[in-house]
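J.:
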Amino acid sequence: MKQISIVGLFTVLVIYTFCGLDFKSLGRHQWRCKAKLGDKDRDSSTTANERNSGILDSEQDNLFDGASEVLTTQVSNTSGVKCACGKHCKGLRGLKVHQRSCRFIAGLNEEIATMDDERSEEGEIDIGESMPPEHPELKPGIKLPKSDSEWANSDLFFRAELAMDSMNDFNINNVIFYMSNKVYNYFADNFGIIQRTKDVEPNSLLLKYKEFSKQQLKQELKNLKRDTHENLRSIKYVAKLLRGKLTGKQSANDTEADEKLKPVFNKLICTDYFKTFLRCSNPMRRFNIPSWIPRFKEPDQAFDDSPPTYREISKIIHKMKASGSPCPLDQIPIIVFKKSPYLRSYLTMIISKIWTAGEIPIIWKKAASILIHKSNSVNEPENFRPITLESVH
Numbered sequence: 001m002k003q004i005s006i007v008g009l010f011t012v013l014v015i016y017t018f019c020g021l022d023f024k025s026l027g028r029h030q031w032r033c034k035a036k037l038g039d040k041d042r043d044s045s046t047t048a049n050e051r052n053s054g055i056l057d058s059e060q061d062n063l064f065d066g067a068s069e070v071l072t073t074q075v076s077n078t079s080g081v082k083c084a085c086g087k088h089c090k091g092l093r094g095l096k097v098h099q100r101s102c103r104f105i106a107g108l109n110e111e112i113a114t115m116d117d118e119r120s121e122e123g124e125i126d127i128g129e130s131m132p133p134e135h136p137e138l139k140p141g142i143k144l145p146k147s148d149s150e151w152a153n154s155d156l157f158f159r160a161e162l163a164m165d166s167m168n169d170f171n172i173n174n175v176i177f178y179m180s181n182k183v184y185n186y187f188a189d190n191f192g193i194i195q196r197t198k199d200v201e202p203n204s205l206l207l208k209y210k211e212f213s214k215q216q217l218k219q220e221l222k223n224l225k226r227d228t229h230e231n232l233r234s235i236k237y238v239a240k241l242l243r244g245k246l247t248g249k250q251s252a253n254d255t256e257a258d259e260k261l262k263p264v265f266n267k268l269i270c271t272d273y274f275k276t277f278l279r280c281s282n283p284m285r286r287f288n289i290p291s292w293i294p295r296f297k298e299p300d301q302a303f304d305d306s307p308p309t310y311r312e313i314s315k316i317i318h319k320m321k322a323s324g325s326p327c328p329l330d331q332i333p334i335i336v337f338k339k340s341p342y343l344r345s346y347l348t349m350i351i352s353k354i355w356t357a358g359e360i361p362i363i364w365k366k367a368a369s370i371l372i373h374k375s376n377s378v379n380e381p382e383n384f385r386p387i388t389l390e391s392v393h
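Residue numbers (UniProt numbering): 1 to 393.
(1) Could you check if Ile316 is buried or exposed, using at least 16 other CB atoms within 10 Å of its CB as the buried criterion?
(2) Is it true that the CB of Phe187 sits closer than 8 Å to the CB of Lys143?
(3) Is Val183 near the ligand NAP, judged by its Cβ being under 7 Å from some heavy atom?
(4) Measuring only the C-alpha atoms, how far is Lys365 from Leu217?
(5) Grouping DSSP H, G and I as helix and E and B as strand, with all else coil, what is Ala163?
(6) On the three-pair Cβ rule with 8 Å, is the region 289-299 touching the region 315-329?
(7) In terms of residues, what are the limits of the alpha helix (DSSP H) holding Lys90?
(8) Could you pull the start and end residues of the alpha helix (DSSP H) that Ile335 belongs to?
(9) For Pro386, which residues does DSSP report across the bridge?
(10) Flag this pair as touching only if the region 160-177 and the region 346-355 have three or more C-beta atom pairs under 8 Å; answer yes or no.
(11) Can you say whether Asp330 is buried or exposed, counting buried as having 16 or more other CB atoms within 10 angstroms of its CB?
(12) Is Pro140 near Ile193, with beta carbons less than 8 Å apart?
(13) Rank Ile362, Asn383, Pro136, Trp151 by C-alpha distance to the C-alpha of Lys338 and give the top, closest one.
(14) Classify Ile360 as buried or exposed, calling it buried when 16 or more other Cβ atoms lie within 10 Å of its own Cβ.
(15) In the DSSP assignment, what are the bridge partners of Val81?
(16) Pairs of beta-carbons, one from the region 267-284 and one from the region 234-247, closer than 8 Å: are there three or more?
(17) By a C-beta neighbour count over all protein chains shown, 10 Å radius and 16 as the cutoff for buried, is Ser375 buried or exposed?
(18) Ignoring anything shorter than 3 residues or poking outside the region 137-187, list the beta strand (DSSP E) runs there in chain order.
(19) Would DSSP call Ile6 helix, strand or coil?
(20) Return helix, strand or coil for Ile360, following the three-state DSSP convention.
(21) Where do the N-terminal and C-terminal ends of the alpha helix (DSSP H) with Val238 fall, by residue?
(22) From which residue to which residue does the alpha helix (DSSP H) around Tyr310 run?
(23) On the DSSP bridge assignment, give the partners of Ile193 in chain order.
(24) For the alpha helix (DSSP H) that Asn223 lies in, which residues bound it at each end?
(25) Going by beta carbon distance, what residues of the same chain come within less than 8 Å of Tyr310, once the five residues before and after it are set aside?
(26) Which residue from Met179, Lys208, Glu137 puts its Cα closest to that of Ile241?
(27) Name the two residues that bound the continuous alpha helix (DSSP H) containing Arg279.
(28) Exposed or buried, Gln301, counting other C-beta atoms within 10 Å across all chains shown (16 or more means buried)?
(29) Output needed for Ala239: all residues of its chain with C-beta closer than 7 Å, excluding positions within five of it in sequence on either side, in chain order.
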């Protein structure tokens with residue numbers, strides 16, 4: 001009877017091929033077997049591991065955020081995971097437990113904190129600390145990139161330095177002044193500023209180009225324009241001299257004539273005169289609507305007072321002339337906003353905040369005026385016509 005029962009027992013027992021255990025019936029063990037689950041994970045990740053061989057070892061150096069490691073491949077809890085220090089851990093849970101006491105991870109955190117402290121000590125100006133001055137100084141012009149790759153790098157720099165999230169925490173004047181300084185300093189440090197050559201004397205220019213013909217002046221002007229922004233005074237003198245010869249009006253020394261047309265009065269007299277002149281109302285310039293002109297009907301639709309969108313602002317920027325002169329207070333030309341999508345987005349956020357507050361920033365109320373002589377004496381401000389250059393943003 002014992003032999004028969006043993007034979008019957010072997011006929012009833014089932015041996016599971018994945019783990020090698022025997023059961024009367026598989027039942028729940030068929031879908032709970034850890035060996036089977038491990039084989040499935042290994043089979044599903046075989047092709048990925050063959051494509052990206054050693055991905056865990058290669059990503060240990062750069063995929064850290066604080067004290068936790070970011071893995072790009074999905075790792076099951078049954079497969080082994082290797083820490084950055086070289087220790088093999090059992091699953092993600094074991095990795096997290098090990099990293100709490102790992103000295104290598106702690107050293108990384110200390111190194112990251114040291115790098116942040118050094119970066120803050122380098123003199124980085126916070127938005128809250130960048131206060132616009134009451135009387136800003138005139139800045140020299142900046143040189144701009146010439147290739148698309150350089151413009152793309154500048155856009156990435158502005159994306160990293162100008163955060164939109166912190167805009168609501170500071171005054172809008174500080175935000176605009178901070179943005180202007182970041183943009184100006186980036187181009188000035190990486191591409192240089194435009195140096196005005198004041199060491200060239202007008203007499204030397206007069207003697208140099210005195211005997212030049214029209215053809216020689218044209219060729220010389222082409223040669224000077226090849227070296228842009230380096231010989232501005234020479235380009236200006238040769239262009240005026242050539243223009244005078246082409247029109248038949250000979251000018252002996254245009255630079256000396258320009259010096260004689262500069263205003264003699266000081267800034268205080270100029271400010272008082274134009275303040276009084278621009279504030280007074282001229283009764284001859286008032287326009288009264290005649291009675292025979294029909295009146296407009298009352299609007300039947302509500303006015304859309306929502307802030308302008310990014311698309312509307314970008315459309316206006318692209319329509320502006322790229323050759324427009326920048327304001328000497330910030331020296332940021334419009335082409336910078338044409339080439340940088342992120343600066344347009346940042347400008348949209350600034351305009352939206354100003355639109356909601358209903359108040360124009362003080363920094364946008366300042367501009368630089370240039371006086372052009374009209375006629376008569378240079379001692380009186382009324383003989384000059386002001387041209388004002390405002391900021392493009």
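No residue lacks a Cβ here, since even glycine has one placed at the ideal position from N, Cα and C.
Computed from a prediction, not measured in an experiment: that's the story for all the values here.
T.: According to the data block:
(1) Within the sequence shown, numbered from 1, the residue matching residue 316 stands at position 316. When all chains shown are included, Ile316 counts as exposed.
(2) One-based indexing of the sequence shown puts residue 143 at position 143. One-based indexing of the sequence shown puts residue 187 at position 187. For Lys143 and Phe187, yes; Cβs fall inside 8 Å.
(3) The ligand NAP is absent from the structure shown, which contains no ligand whatsoever.
(4) The residue you call residue 365 lines up with position 365 of the sequence shown. The residue you call residue 217 lines up with position 217 of the sequence shown. Approximately 43 Å, taken between the alpha carbons.
(5) For the purposes of this step, residue 163 is taken as the residue at position 163 of the sequence shown. Of the three classes helix, strand and coil, the one that applies to Ala163 here is coil, per DSSP.
(6) no
(7) Locating residue 90 in the sequence shown gives position 90, where the first residue counts as 1. That residue, Lys90, is in no alpha helix (DSSP H); its beta strand (DSSP E) goes 88-90.
(8) In the sequence shown, residue 335 corresponds to position 335, counting from 1. For Ile335, the enclosing alpha helix (DSSP H) stretches over residues 334-339.
(9) Locating residue 386 in the sequence shown gives position 386, counting from the first residue. Leu371, per the DSSP bridge assignment.
(10) yes
(11) The residue labelled residue 330 in the question sits at position 330 within the sequence shown. Counting Cβ neighbours within 10 Å, Asp330 comes out buried, since at least 16 surround it.
(12) Position 140 of the sequence shown, counted from the start, is the residue given in the question as residue 140. Position 193 of the sequence shown, counted from the start, is the residue given in the question as residue 193. Yes, the pair counts as a contact, with Cβ atoms nearer than the cut-off.
(13) On the sequence shown, position 338 is the one that residue 338 refers to. Measuring from the Cα of Lys338, the nearest candidate turns out to be Trp151.
(14) Within the sequence shown, numbered from 1, the residue matching residue 360 stands at position 360. Answer is exposed; the Cβ neighbour count stays below 16.
(15) Start at 1 with the first residue of the sequence shown, and residue 81 comes out as number 81. Val81 is bridged to Cys89.
(16) Contact between the region 267-284 and the region 234-247 is absent, because fewer than three Cβ pairs lie under 8 Å.
(17) Taking the sequence shown and counting its residues from 1, one reaches residue 375 at position 375. Burial call: exposed.
(18) none
(19) Stepping through the sequence shown from its first residue, residue 6 is reached at position 6. Since pLDDT at Ile6 reaches only 41, below the 50 mark, its modelled position is unreliable, and no value is offered.
(20) Position 360 of the sequence shown holds residue 360. Coil.
(21) As a first step, residue 238 is located in the sequence shown; it is residue number 238 there, counting from the start. From DSSP, the alpha helix (DSSP H) with Val238 extends over 232-247.
(22) Residue mapping note: residue 310 aligns to position 310 of the sequence shown, counting from 1. Here the alpha helix (DSSP H) through Tyr310 covers 310-319.
(23) Here residue 193 corresponds to residue number 193 of the sequence shown, with the count starting at 1. Answer is Ile142.
(24) Here residue 223 refers to the residue found at position 223 of the sequence shown. Taken as a continuous stretch (DSSP letters only), the alpha helix (DSSP H) holding Asn223 covers 214-226.
(25) Start at 1 with the first residue of the sequence shown, and residue 310 comes out as number 310. Cβ neighbours of Tyr310 beyond the five flanking positions: Arg344, Ser345, Thr348.
(26) Taking the first residue of the sequence shown as position 1, residue 241 is located at position 241. What sits at residue 241 in the sequence shown is Leu, not Ile. For the set Met179, Lys208, Glu137, the Cα lying nearest the Cα of Leu241 is the one of Lys208.
(27) One-based indexing of the sequence shown puts residue 279 at position 279. Per DSSP, Arg279 belongs to the alpha helix (DSSP H) from 267-279.
(28) Translated into positions along the sequence shown, residue 301 becomes position 301. Flag for Gln301 reads exposed.
(29) Sequence index remark: in the sequence shown, residue 239 carries index 239 (1-based). Hits under 7 Å: Leu221.
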